[in-house]
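Asks: Residue numbers (our numbering): -3 to 181.
Beta carbons are placed, not taken as given, at the ideal position from N, Cα and C, and that holds for glycine.
A single structure is presented below for examination.
Structure representation (structure tokens):
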């Protein structure tokens, strides 16, 4: 039964502390074969006056945004075709690659590429998974696609998986894999 103790400065919200606790639980589970309910995380908060580094009191750094939440908001904006809002989630040097495409750098390129392939596509999400890489958070989401082909015929149940790389709270890369080519008329 692993017990993890962490000391942090006061100032993080209950939601941020909950995210930290879940992340620490997941980190333990990546190494120790323990069920989540067998892992205890204890957070000890220190007041600013009781914490000194270099002889000076410090303020807590702001919590990083929830990477999966950023991806969800981006995908919702894309589905609504609010390209201005969707673009606000993208970092400098953003690139994306879909099956059968060259690397694209602008959302407008994706819209043009998709026009002859389908009228519209929407996603039903099964899951979002977040992990950490040397470059920053990585979010995978997967589920199924549904929509209409160019002739108006409906389609559904097409598997997809997307991988998003984030840096400084912004999406810098999106890679997409799906089975559209397998079922496309």
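Taking the continuous alpha helix (DSSP H) assigned at residue 75, which residues delimit it?
Replies: That run of the alpha helix (DSSP H) goes 63 to 75.
Asks: Could you give the DSSP three-state label for residue 130: helix, strand or coil?
Replies: Looking at residue 130 - three-state DSSP - the assignment turns out to be coil, as it is neither helix nor strand.
Asks: Would you tell me roughly how many angstroms separate the C-alpha atoms of residue 97 and residue 24, rounded to the nearest one?
Replies: Near 39 Å, if we compare the C-alpha coordinates of residue 24 and residue 97.
Asks: Let me know if residue 170 comes out buried or exposed under the rule of 16 or more other beta-carbons within 10 Å of its beta-carbon.
Replies: Burial call: buried.
Asks: Taking the alpha-carbon positions, what's the residue 76 to residue 34 distance?
Replies: One C-alpha to the other measures close to 41 Å.
Asks: Starting from residue 107, follow the beta strand (DSSP E) in both directions and report where the run begins and ends.
Replies: From DSSP, residue 107 is part of no beta strand (DSSP E) but of the alpha helix (DSSP H) over 103 to 110.
Asks: Please return the same chain residues whose Cβ sits closer than 8 Å to the Cβ of residue 124, not counting the five positions on each side in sequence.
Replies: Counting only Cβ-Cβ distances below 8 Å, and skipping sequence neighbours, we find 64, 67, 68, 135, 136 and 137.
Asks: Would residue 194 pass as a contact of residue 12 if the rule is Cβ separation under 8 Å?
Replies: Since the first and last residues shown for the chain are -3 and 181, residue 194 lies out of range.
Asks: What residue range is occupied by the uninterrupted alpha helix (DSSP H) comprising residue 43?
Replies: Where residue 43 is concerned, there is no enclosing alpha helix (DSSP H), given that its DSSP letter is neither H nor E.
Asks: Check whether the Cβ atoms of residue 155 and residue 174 sit closer than 8 Å, and answer yes or no.
Replies: For residue 155 and residue 174, yes; Cβs fall inside 8 Å.
Asks: Determine the direct distance from the alpha carbon of residue 1 to that of residue 50, and round the result to whole angstroms.
Replies: Whole-angstrom Cα-Cα distance: 23 Å.
Asks: Take every Cβ of the region 77 to 88, pair it with every Cβ of the region 125 to 134, and state whether three or more of those distances are shorter than 8 Å.
Replies: Contact fails: fewer than three Cβ-Cβ distances are below 8 Å.
Asks: Does residue 21 come out as helix, strand or coil in the three-state DSSP assignment?
Replies: Reduced to three states, the DSSP call for residue 21 is helix.
Asks: Are residue 148 and residue 180 touching if we call contact CB-CB under 8 Å?
Replies: The answer is no: Cβ separation not under 8 Å.
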